[in-house]
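Contents: one structure, followed by commentary.
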Amino acid sequence: MSITTFVPGFPRMGPNREYKWAVEKFWKGDLSEEDLLSLVDTQIVNGWSTQKASLINKQLIGDFSFYDQVLDTVAYLGIPLNRFGRISFNNLNSYFTAARGGDINGKKEQPLEMTKWFNTNYHYLVPEIDWKQSFKPDVSRLIYEYELACKNNYNVIPKIIGPATLMALSKEIELNSKQKSKIINVYLELFNDIKKLGISEIMLDEGGLAVGDHFVSQPHFDCLIEVVQASDLDIRINGYFGSYDGFLENLLDSSIKTIHLDLCEGNFDIEKIIQISERKNVYLGVINGRSIWRNDLKETLTLLEEVRKITNSFEIGTSCSLMHVPYSLENEDGLDKNLISILSFGKEKIEEIRLLKESLEEGEPTAELETFTASVIKANNELEGRVVREVRERISQLKDDMFQRDLAREERLNLQKENIGIPKIPTTTIGSFPQTLETRSLRRAFKSGEVDKEEYSLGIKEIIKETVQIQEDIGLDILVHGEAERNDMVEYFGELLNGFAFTRNGWVQSYGSRCVKPPIIYGDVFRERKMTVDWSVYAQSLTKKPMKGMLTGPVTILKWSFVRDDISNEEVAYQIALSLRDEVLELESNGIKIIQIDEPAIREGLPLNPEDKDEYLSWAVKSFKLSSSGVSSKTQIHSHMCYSEFDEILDAINALDVDVLSIEASRSGMDLVNSNLSKKYNGEIGPGVYDIHSPLVLEYKDAKERIDQLSSNLGEDYIWINPDCGLKTRGWDEVIESLTNMVQATIEARDEVS
Numbered sequence: 115m116s117i118t119t120f121v122p123g124f125p126r127m128g129p130n131r132e133y134k135w136a137v138e139k140f141w142k143g144d145l146s147e148e149d150l151l152s153l154v155d156t157q158i159v160n161g162w163s164t165q166k167a168s169l170i171n172k173q174l175i176g177d178f179s180f181y182d183q184v185l186d187t188v189a190y191l192g193i194p195l196n197r198f199g200r201i202s203f204n205n206l207n208s209y210f211t212a213a214r215g216g217d218i219n220g221k222k223e224q225p226l227e228m229t230k231w232f233n234t235n236y237h238y239l240v241p242e243i244d245w246k247q248s249f250k251p252d253v254s255r256l257i258y259e260y261e262l263a264c265k266n267n268y269n270v271i272p273k274i275i276g277p278a279t280l281m282a283l284s285k286e287i288e289l290n291s292k293q294k295s296k297i298i299n300v301y302l303e304l305f306n307d308i309k310k311l312g313i314s315e316i317m318l319d320e321g322g323l324a325v326g327d328h329f330v331s332q333p334h335f336d337c338l339i340e341v342v343q344a345s346d347l348d349i350r351i352n353g354y355f356g357s358y359d360g361f362l363e364n365l366l367d368s369s370i371k372t373i374h375l376d377l378c379e380g381n382f383d384i385e386k387i388i389q390i391s392e393r394k395n396v397y398l399g400v401i402n403g404r405s406i407w408r409n410d411l412k413e414t415l416t417l418l419e420e421v422r423k424i425t426n427s428f429e430i431g432t433s434c435s436l437m438h439v440p441y442s443l444e445n446e447d448g449l450d451k452n453l454i455s456i457l458s459f460g461k462e463k464i465e466e467i468r469l470l471k472e473s474l475e476e477g478e479p480t481a482e483l484e485t486f487t488a489s490v491i492k493a494n495n496e497l498e499g500r501v502v503r504e505v506r507e508r509i510s511q512l513k514d515d516m517f518q519r520d521l522a523r524e525e526r527l528n529l530q531k532e533n534i535g536i537p538k539i540p541t542t543t544i545g546s547f548p549q550t551l552e553t554r555s556l557r558r559a560f561k562s563g564e565v566d567k568e569e570y571s572l573g574i575k576e577i578i579k580e581t582v583q584i585q586e587d588i589g590l591d592i593l594v595h596g597e598a599e600r601n602d603m604v605e606y607f608g609e610l611l612n613g614f615a616f617t618r619n620g621w622v623q624s625y626g627s628r629c630v631k632p633p634i635i636y637g638d639v640f641r642e643r644k645m646t647v648d649w650s651v652y653a654q655s656l657t658k659k660p661m662k663g664m665l666t667g668p669v670t671i672l673k674w675s676f677v678r679d680d681i682s683n684e685e686v687a688y689q690i691a692l693s694l695r696d697e698v699l700e701l702e703s704n705g706i707k708i709i710q711i712d713e714p715a716i717r718e719g720l721p722l723n724p725e726d727k728d729e730y731l732s733w734a735v736k737s738f739k740l741s742s743s744g745v746s747s748k749t750q751i752h753s754h755m756c757y758s759e760f761d762e763i764l765d766a767i768n769a770l771d772v773d774v775l776s777i778e779a780s781r782s783g784m785d786l787v788n789s790n791l792s793k794k795y796n797g798e799i800g801p802g803v804y805d806i807h808s809p810l811v812l813e814y815k816d817a818k819e820r821i822d823q824l825s826s827n828l829g830e831d832y833i834w835i836n837p838d839c840g841l842k843t844r845g846w847d848e849v850i851e852s853l854t855n856m857v858q859a860t861i862e863a864r865d866e867v868s
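Heads up: the sequence shown at position 162 corresponds to 276 in our numbering, and the numbers run straight through without jumps.
Listed below in structure tokens is the structure:
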């Protein structure tokens, strides 16, 4: 019996981030649109070829994205956007302006708001739908990819985000009858245009639907069902990260042809799988598309054999798109051989699918699958550093008082203002400053051994000195050392902690062309040496103003790493927290009076299943407090978070017990000012007034308006003024101009309130 295999998405940047480099050249004007499109063609065909070589039966068109898949769907459907109008792949400048901001009719427009894709580390663009204008689908890009596939003999189906998930991601909570009608009709028009190509099947990406009825509303779901029932295309629903709670029965009653089941994160036992397979063709996502660890193929094969006893109407593949894992393990010869033997990236995962397919077709495990399984077991047993007795003992000896500060926050803040000398409406930055080519070259030269430690330290100190002087000249109140020594806020700490490993080319897309290279936590984590102390102490010696120590928090280090799966995330978080606690105490003992422990990932780590949220928040808060609570009441603890929907974690944010919280806010139109967080948070707060994700300079007028908004709504005694996030990816000229405007606007605001 032949087994059909399928992958609902493939890494988009290329084996060596070819698309990233190309599109960034295009943005700078150093690459023509024709050359960019030619490279994209190559990327797409190479992805299809890689999948076909591993016996994947069908490939996708519409899977590659020039920037973001939500923006792509808006373009396919011809949905006009407020401020940007109708965007098109035939006018890439219109597309990229919506994504990155820019000039429209002589006016500078901020880009679309960006936020997290479910609970992953990918960010999508939130559409601002202009309902007053007509919707008109544009399938020209899909037609082009279809013709490209036909020319190269690939069997493809189109992929777009479905109406339920698109509306949920667009934050269109309520839809009136006219809006529902417009959405339904434009999808059906698009389907008709696709059908004219001779295509009979389409995949609707409905991750929101699988997450459940707490994410997708009934009006959203109604749109999908009406589209499905009115279409004569074979529709497959690609759901992931959940079990379609609240929607599954109605989906099975509908005319969809195939339903995807995420067997890694969804709640589907064998009985439920069989019941579903009796009513629909099922796609079984058995290989975890978010995990980098090899699958237990023999266990998976046993499950699939049970399903096959009842039905042959199933396909197999990955649980979700492979955009969340690196492209391939090829050329990762710097890793421990035992670690390599238990890892699986994009190309390796489709090979795992091939091994399962061939074993199912033979009716027993193939010799290749048996060898694969034996090598994983052997490597796991021989990998050093998995268990460190001293770390386990320290975790077992944790006591309640290690999770608490000595005084209440209000009492601490009064002591700190006197001890540190903090003015009214203080100004600061989040941590990093622009990293020039020279800075990155110096780090690379040190890593490669071209320069020794002494020369490297002198070079970094010179950059720190310049960064401190620039902040002094601008007039900032609380300074930072600028993080010139750091390539990434998580990777830097991972390199200095035991239990981490690092790939050479393990990049994954974060947003647009931005990629991150997450560390791999494979063993018990502990700190053997200082990580930040020397740089912070040197920076403090250059100024009389307070210098912040800068650390990344335990939850963010965990969530922005690929984490071992043999112990709980909670235990890993406590191991990291203890390592950070040691660093925090050493910073304090060396005269650093303000220490920032960033936790931008705490909200995104929230489980999608509401029933799991309390447990996660409990250990997330405790791990942060374990890292921060050893200091005296006179030492001020800051944290920074990326903006998202904070209402459901408001109690947890307060429970972190930080003295000052800075939060990304400007890109979302300062919505934070009127949020429950701003009204109920008990500490001092710094909503960002400078959007660092856009190359646009913060104008003085805009800075003053935002500061006045904060002052009048939150009170001048409780606000700090700062950018949204770190400034590493921006240029020095725009940063200096923006921060100068920010500080001058703050000075005027101070004068007005005094």
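Every residue, glycine too, gets a C-beta built ideally from N, C-alpha and C. Please read these numbers as outputs of a predicted model, since none were measured by experiment.
Using three-state DSSP, classify residue i as helix, strand or coil.
| i | result |
| --- | --- |
| glutamate 288 | coil |
| asparagine 219 | coil |
| histidine 438 | helix |
| cysteine 264 | helix |
| glutamate 472 | helix |
| threonine 666 | strand |
| isoleucine 384 | helix |
| glycine 596 | strand |
| histidine 752 | strand |
| asparagine 395 | strand |
| tyrosine 238 | strand |
| arginine 641 | strand |
| lysine 166 | helix |
| glycine 608 | helix |
| asparagine 528 | helix |
Let me make sure I understand the geometry here. Which of the options has the alpha-carbon closest to that of residue i?
| i | options | result |
| --- | --- | --- |
| proline 809 | Lys172, Glu223, Leu527 and Asn171 | Glu223 |
| leucine 740 | Glu684, Asp307 and Ala859 | Glu684 |
| lysine 658 | Gly535, Leu720, Asp177 and Glu700 | Gly535 |
| valine 400 | Leu470, Leu311 and Gln183 | Leu470 |
| serine 428 | Arg393, Leu449, Lys451 and His438 | The sequence shown places phenylalanine at residue 428, rather than the serine named in the question. The candidate whose alpha carbon is nearest that of phenylalanine 428 is Arg393. |
| isoleucine 464 | Tyr441, Glu475 and Thr553 | Tyr441 |
| glycine 403 | Gly448, Gln750 and Val622 | Val622 |
| serine 435 | Lys736, Asp712, Lys273 and Pro714 | Lys273 |
| phenylalanine 120 | Ile313, Ile373 and Tyr814 | Ile373 |
| methionine 664 | Gln157, Asn130, Gly596 and Tyr268 | Gly596 |
| alanine 766 | Asn796, Gly797 and Leu731 | Leu731 |
| isoleucine 806 | Glu580, Phe547 and Glu702 | Phe547 |
| threonine 187 | Phe249, Asn207, Pro225 and Gly220 | Phe249 |
| lysine 842 | Ala691, Leu572, Val772 and Ile544 | Ile544 |
| isoleucine 578 | Glu568, Gln654, Gly608 and Arg506 | Gln654 |
Measure the C-alpha to C-alpha separation of residue i and residue j and round it to an integer number of angstroms.
| i | j | result |
| --- | --- | --- |
| glycine 637 | glycine 613 | 4 Å |
| leucine 551 | tryptophan 135 | 15 Å |
| cysteine 756 | arginine 717 | 8 Å |
| alanine 687 | glutamate 729 | 13 Å |
| threonine 118 | proline 277 | 27 Å |
| lysine 736 | leucine 824 | 30 Å |
| arginine 255 | tyrosine 190 | 8 Å |
| glutamine 518 | alanine 324 | 39 Å |
| proline 129 | phenylalanine 178 | 14 Å |
| aspartate 712 | leucine 694 | 12 Å |
| isoleucine 430 | isoleucine 467 | 7 Å |
| methionine 228 | arginine 508 | 40 Å |
| proline 333 | leucine 365 | 15 Å |
| glutamate 259 | glycine 326 | 32 Å |
Measure how close the beta-carbons of residue i and residue j come, nearest whole angstrom, since I'm counting them as under 8 Å.
| i | j | result |
| --- | --- | --- |
| serine 116 | glutamate 475 | 7 Å |
| glycine 322 | serine 357 | No, glycine 322 and serine 357 are not in contact; Cβ-Cβ is about 13 Å, not under 8 Å. |
| valine 669 | alanine 734 | 5 Å |
Three or more C-beta pairs under 8 Å: does that hold for the segment 159-170 against the segment 207-217?
no
Inter-stretch contact at 8 Å, needing at least 3 Cβ pairs: the segment 364-374 / the segment 339-352:
yes
May I ask you to verify whether the segment 443-455 touches the segment 512-525, counting CB pairs closer than 8 Å and requiring at least 3?
no
Three or more C-beta pairs below 8 Å linking the segment 771-782 and the segment 826-838:
Judged by Cβ distances under 8 Å, the segment 771-782 makes contact with the segment 826-838, as three or more pairs qualify.
Is the segment 848-855 touching the segment 581-588, taking contact as three or more C-beta pairs under 8 Å?
yes
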